[in-house]
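Residue numbers (this note's numbering), protein chains in the order written: chain A, 13 to 492; chain B, 37 to 522.
Please read the structure below before turning to the comments.
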Amino acid sequence: MSTTWETVIGLEIHAQLATRSKIFSGSATAYGAEPNTQANLVDLGYPGVLPVLNGEAVRMAVMFGLAIDAGIAPRSVFARKNYFYPDLPKGYQISQYELPIVAGGHIDIVLDDGTTKRIGVTRAHLEEDAGKSMHEGLAGLTGVDLNRAGTPLIEIVSEPELRSAKEAVAYMKKVHTLVRYLGICDGNMQEGSFRCDANVSVRPVGSEKFGTRAEIKNINSFRYVEKAILYEVARQIEVIETGGKVVQETRLFDPDKGETRSMRSKEEANDYRYFPDPDLLPVLLTDTYVSEVRGTMPELPDQKAARFVQQYGLSVYDAGVLTASRELADYYETVVRELGGEAKLAANWVNGDLAAFLNRDGLEIQSSPINAATLAGMLRRIADNTISGKIAKDVFEAMWSERCDADAIIEARGLRQITDDSAIEKAIDAVMAANPGQLAEYRSGKDKLFGFFVGQTMKATQGKANPALLNELLKKKLSG
Amino acid sequence: MGIPQTIAEMSRALHGGQVSSVELTRALLERVQRSQPALNAFVTVTAEEALAEAAAADRRLAAGERGPLLGVPMAHKDIFCTRDVLTTCGSRMLANFVAPYDATAVARLRAAGMVMLGKLNMDEFAMGSSNETSHFGPVANPWDLKRVPGGSSGGSAAAVAARLVPGATATDTGGSIRQPAALCGVTGLKPTYGRVSRYGMIAFASSLDQGGVITLTAEDSALMLSAMAGYDERDSTSVDMPVPDYAAGLERPLAGLRIGLLKEFFDKGLDPAIEAPLRAAIAELQAQGATLHEVSLPNLPLSVPTYYVVAPAECSSNLARFDGVRFGYRCENPRDLKDLYERSRGEGFGAEVKRRIMTGTYVLSAGYYDAYYLKAQRVRQLIANDFARAFAQVDLLVGPTTPTVAFELGVKDDNPVTMYLNDIYTIGANLAGLPALSLPCGFAHGLPAGMQFIGPQFSEERLLNVAHRYQRVTDWHLRAPPGYAS
C-alpha cells in the first residue's frame with residue numbers, strides 16, 4: 013500500500029528595504045560599489061561605536077504590516093543574535109526576536125483553479141544584513157566585503173500553510189509584487205534584494221502532525237524556489253519510503269545540479285543566545301504615527317485590480333495582469349488618460365502586442381521603447397478610423413523599431429485608411445471587372461465568395477480601405 | 037610657587053596670566069614621567085600632542101577666550117577612543133589599536149580646551165576592582181605603593197590623587213569610578229545612565245556603563261561634567277535633556293535636605309574603622325541643616341549576584357567583535373578560521389575577561405536564559421523599585437563607598453568572589469541607572485575612606501552641591517599622599 017504525501021511549506025522571505033542609508037549607520041546602501049567602500053566604523057563593528065536606528069526602515073516595515081492587514085506592535089524590541097563569522101563584524105546580528113514590529117497578517121494567492129487561498133503571515137521583523145565572504149580570485153584566501161553589512165532587511169515569515177511548490181511561488185510572487193508596490197524594496201533578485209529560505213516537510217495526507225522539516229537557505233529566484241522544493245519533497249518522500257528518517261537540518265540548493273544538499277544538522281546549529289540589545293531603545297509606535305503612515309500608503313495590487321474592473325470595465329483576468337506591477341498599471345492608466353477613454357482597446361494592446369514585444373526583447377515596462385503617450389497616439393488613430401487594427405500592427409512594429417510616433421509612420425508610409433466612398437468604389441469596380449467568373453458565381457448564390465472580393469479589394473487598396481465601409485459598398489455593388 | 041591643585045585654581049591662574057597652559061602641561065608631564073615607575077598610572081603619555089594642545093589653549097586665552105576648562109591638563113581612561121592615539125582598554129587584545137575617532141566625551145572636553153596628557157591605566161576592559169587585570173601591569177595606590185588603587189578606573193584615581201592631573205575621565209559599570217576614588221582619597225562622580233554619551237567608550241556592559249569623572253573636588257567634577265554631559269545623536273541611550281551648569285548650584289545650603297541612611301550598607305561587612313569617620317561626616321551634614329532618616333532597600337543585597345549575571349551576559353556579546361579579523365590582536369599563523377578565533381581570543385584576553393565571557397555565554401544559553409538572565413533582569417527591576425520608593429522619602433542616600441580601605445596587591449587573586457564583593461555598595465546605583473558620587477570623608481588605618489551619595493535620576497546637581505558643602509568645611513579631599521604634595 014503506498015502512502016499519499018502532503019507537502020508542507022513555510023517561507024521566510026528576506027526583502028532588502030529601499031532606504032538610502034543603512035539600518036543602524038549613515039553608510040549608503042547602493043549595490044555594486046567597490047568592496048568595503050560603503051562601510052563606516054559602525055558597519056565595521058569598531059570598538060566604542062553604537063547603532064542608531066534608521067526611522068525610514070521602521071516606516072517601511074509598518075507600511076508592509078499595514079499592507080498585509082497585520083498588527084503593528086506599539087512596542088517592539090531589537091535583540092542580538094550572537095554567532096561568529098567573518099562577515100558579521102560585531103559577532104552578533106541585530107534583529108528582532110520576541111517582539112517583532114509586525115505580527116499576524118495574511119496574503120491572498122490565486123490558485124490554478126482560480127480560487128483564492130489565504131496564507132497567514134506569522135510575523136515580519138526588522139534586522140540588519142551581514143556582509144559577504146568572497147573566495148574568488150584570492151588564491152585560497154577569503155576576503156570580506158562589508159558593503160552589505162547593516163543593510164536593512166525585513167524578514168517575512170509565513171505560516172506553514174503552503175501546500176505545493178506552486179503555491180510557494182505564487183506566495184513569493186505576491187509578496188514581491190507587494191513590496192515593490194509599496195516602494196519599500198527594489199525586488200532585484202539577482203542582487204539579492206529579495207530572497208527566501210524555505211522550510212519544507214512532508215506528511216501522510218490526513219495527518220495532523222508536521223513531519224520533520226529541512227530548511228533550504230537563501231534561494232534567490234522564483235524558478236529555484238520551485239525546483240528546490242520539488243527536489244526536496246521528492247528526496248524526503250524517498251527517504252521515508254525507503255525506511256529512513258528525515259533529519260532536521262539546513263540545506264543549500266545547488267542550481268547547477270538542481271538538488272539540495274546538507275549544510276549543517278540541528279546538532280551543529282548555533283545557540284544564538286538572543287537577548288535584547290542594550291544599545292537600542294525599544295521601538296515605540298503611537299496610533300498617530302501608524303495612521304500617518306497609513307495615509308501615505310499607495311493603492312495595493314488587489315485594490316487596484318478591483319478598481320480596474322469597476323472603472324474600466326475590464327475582465328478580472330485583464331485587470332490582474334495589468335496590476336501585476338505598479339509600473340505596468342501606471343503605464344496602462346497613462347494610456348487611458350491620454351486617450352480619453354477606450355479602456356478596453358488600451359488593455360488589449362498593453363496586454364497583447366506590447367506585452368509580447370516586451371517579452372520578446374526581455375524588457376521591463378519601464379524600459380519600453382514605446383511610452384504610454386506614444387501608444388495612446390496610435391490607439392487614437394485606430395479609434396478615429398485613421399488606420400485599421402490590422403494596419404495598426406504594422407504601425408506598432410515600426411514604432412517599436414524606429415522609435416517614432418504613429419502619425420509620422422502613417423504619413424511617411426501612406427497608411428491612412430481610405431474612407432472616401434468613390435475611391436473604394438473605384439477599386440471595387442476594377443476588382444469586379446478583373447474577376448468576371450467569380451462575380452457570376454457569386455451572383456448565382458455562392459455567398460462564400462464575398463470574402464474573396466474583400467481580400468482582392470483590400471489588396472488593391474494596400475489594406476488601407478476602411479473595412480466597414482468596404483463591406484458596405486462591396487455588398488451593394490456585388491448585388492448589382 | 038607651587039602648581040595649583042584643582043581645576044578651578046588652575047583655571048583662575050590661567051585666566052589671571054599667572055601661569056600658561058604650556059607651563060602647567062610641562063610641569064605635570066614631568067610629574068607623570070617621574071611617577072610612572074612607581075605608580076604606572078599611564079598606559080600612553082602624549083607629551084608632544086599635549087604641548088601642542090596647550091599652546092593652542094594659550095593662544096585662545098590670549099585672544100580673550102574664557103572657559104573654566106580652557107588650558108587645564110587632564111587625562112582619559114584608556115577605554116575612551118582618542119583619535120590617532122593608542123586606545124588599549126588595558127588589554128593585550130587592543131595593545132596595538134589606534135582609534136580612528138574621538139569618543140563624544142573626548143571631543144567635548146577637547147572642544148572645551150582641556151589638554152590631554154595621555155591615557156590612563158585600567159583593569160582589562162574595565163573588568164576588575166583593583167587594576168590588577170591590566171595587560172600593562174597594576175597601578176599602585178599613591179597612599180601606599182603596596183596597595184591597589186581600586187578599579188577599574190585605577191589609573192584615573194591614582195593620577196588625580198598623585199596630583200599628576202587635576203581631573204580625569206573614568207567609567208563606572210559596577211563601581212569603577214567610585215571604588216577607586218574612595219580607595220585613593222579623591223572625588224568620583226558616576227552620572228545618571230544616559231547623561232554622558234557612551235559613543236566611543238569601549239563597551240563592557242552597555243546597560244550599566246556610564247562615563248564620568250574623577251577629580252579632587254566636587255566643584256571640579258561639576259566643571260568637567262558640564263562639558264561632557266548631554267544628548268548625543270550617536271548614542272540612542274543618551275538622554276535628550278538640557279545640561280544644567282552644575283557649578284552654579286554648588287553653594288545651595290543644606291537646610292531641609294533629607295538624607296537617607298542606607299541600612300543595608302551599615303552591615304557586618306563594613307570595616308568599623310571606615311564607619312567611624314563616615315558617621316562623623318554624616319553628622320557634619322546634619323550640622324549644616326540636613327535631616328537624617330533610616331532607609332531600607334530590601335532587595336539591595338541581591339545586587340552583586342544580579343550584576344554578575346547581567347554584566348557578563350552583555351560583555352560576552354560586546355566583546356565578540358574582538359575576533360582578530362579587522363583590528364586588534366591576531367594570533368600568529370592561524371591554520372583556519374576556527375584557529376584564528378580561538379587563539380586570537382585565547383591569547384588576546386586575560387583570565388578575568390575570559391571568566392566573564394564564559395559566565396555571560398552560559399547565562400544566555402538556551403535552557404538557562406530564563407533561570408539566569410531573565411531572572412536577573414527582574415531582580416534588577418525590584419532593586420530599581422526599592423530606590424524609587426526610597427526617593428519618595430529622601431533626597432539622597434548616604435553610605436560607605438567600599439567595605440574596606442585599599443587592600444594589598446595580590447591578596448584577592450585566588451577567589452574572584454571576594455574581589456567582586458568589594459563592589460557591594462556601588463553596584464546598586466548601576467543596576468538602577470542612578471547618579472552616585474564618592475568623596476573622601478577621613479582615614480581608616482591611615483588610608484582614605486570614602487563616603488557615597490546616591491540620588492534619583494538626574495540629581496547630579498544636588499549630589500555635587502552636597503559634596504561641595506561638605507568639602508567647604510573639611511579638607512580630606514585636599515590632603516595629598518605623602519611625597520605627592522604640590
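In this text, a Cβ means the ideal position worked out from N, Cα and C, and glycines have one as well.
No experiment lies behind these values; they were computed from the predicted model shown.
Contact check, residue i vs residue j, beta carbons under 8 Å
i	j	result
B/C117	B/D138	yes
A/A69	A/L190	no
B/Y365	B/S380	yes
B/E160	B/V453	no
B/I39	B/I238	no
B/V415	B/N466	no
B/L433	B/L473	no
A/E350	A/A385	yes
B/A111	B/V175	no
B/G491	B/W512	no
B/P313	B/A63	no
B/A141	B/G247	yes
B/L16	B/V447	For chain B, the structure presents residues 37 to 522; residue 16 of chain B sits outside this window and is missing.
Extent of the continuous beta strand (DSSP E) run through residue i
i	result
A/R207	F206 to P216
A/N94	F90 to N94
A/Y104	Y104 to Q108
B/N421	Unbroken run through B/N421 is the alpha helix (DSSP H), K411 to A426; no beta strand (DSSP E).
A/K229	A226 to I231
B/G52	No beta strand (DSSP E) holds B/G52; the alpha helix (DSSP H) holding it covers I43 to G52.
Interface residues of chain B facing residue i [CB-CB closer than 7 Å]
i	result
A/R276	In chain order: nothing, as chain B lies at least about 14 Å away.
A/D283	S401 and A402
A/L56	R362
Chain-ordered chain B contacts of residue i [CB-CB under 9 Å]
i	result
A/V64	E269, R270, D271 and S272
A/L23	Residues of chain B passing the Cβ test: none, with the nearest at roughly 25 Å.
A/L29	None at all; the shortest Cβ gap to chain B is about 19 Å.
A/L53	P136 and Y137
Same chain, Cβ closer than 7 Å to residue i, five either side skipped, listed in chain order
i	result
B/E101	none
A/A498	Since the displayed chain A opens at 13 and closes at 492, residue 498 of chain A lies outside it and no answer follows.
B/L457	V340
Amino acids of chain A, ordered along the chain, whose beta-carbon sits closer than 9 Å to that of residue i
i	result
B/L373	F96, Y97, P98 and T154
B/S212	None at all; the shortest Cβ gap to chain A is about 16 Å.
B/L467	Correct list: empty, because the minimum Cβ distance to chain A is about 13 Å.
Cβ-based neighbour list, residue i, same chain, cut-off 6 Å, excluding 5 preceding and 5 following
i	result
B/A283	A258 and L259
B/S192	K113, L156, A204, A206 and I250
A/M72	L29 and I196
B/G230	T273, S274 and V275
A/E171	G132 and T134
Per-residue contacts from residue i into chain A (C-beta, under 7 Å)
i	result
B/A356	N94, F96, K102, G103 and Y104
B/D359	F96 and G103
B/Y377	F96
Proximal chain A residues relative to residue i, where beta-carbon distance stays under 8 Å
i	result
B/F133	P59
First and last residue of the uninterrupted alpha helix (DSSP H) at residue i
i	result
B/M152	Note, B/M152: premise wrong, no alpha helix (DSSP H); beta strand (DSSP E) at V151 to L156.
B/K113	Per DSSP, B/K113 belongs to no alpha helix (DSSP H); it is in the beta strand (DSSP E), P109 to K113.
A/T469	F462 to A472
B/P341	S339 to N354
A/Q450	P448 to R455
B/K182	It is not in any alpha helix (DSSP H) - B/K182 carries neither H nor E in the DSSP assignment.
A/I421	A418 to R425
Min CB distance residue i to chain E below 8 Å
i	result
A/L150	The question asks about chain E, but that chain is absent: this structure's protein chains are A and B.
Close Cβ partners of residue i (< 8 Å) along its chain, the five nearest in sequence each way excluded
i	result
A/M184	L23, I25, C208, F234 and V237
A/E261	A226, E227, S274, M275, R276, S277 and K278
A/T298	P86
B/H329	R294, I295, G296, L297, Q429 and V430
Taking a cut of 7 Å between CB atoms, which residues from the region 94–115 of chain A lie near chain B? N94, F96, P98, P101, K102, G103 and Y104
With 9 Å as the C-beta to C-beta threshold (strictly closer), list the residues of the region 110–125 of chain B near chain A in chain order. I115, F116, C117, T123 and C125
Contacting positions in the region 287–316 of chain A - beta carbon closer than 7 Å to chain B: F287, P290, D291, L292 and L293
Contact list for the region 209–237 of chain B against chain A, Cβ threshold 9 Å: S233, R234, Y235, G236 and M237
Can you list, in chain order, the residues of the region 475–501 of chain B whose Cβ is nearer than 8 Å to any Cβ on chain A? none
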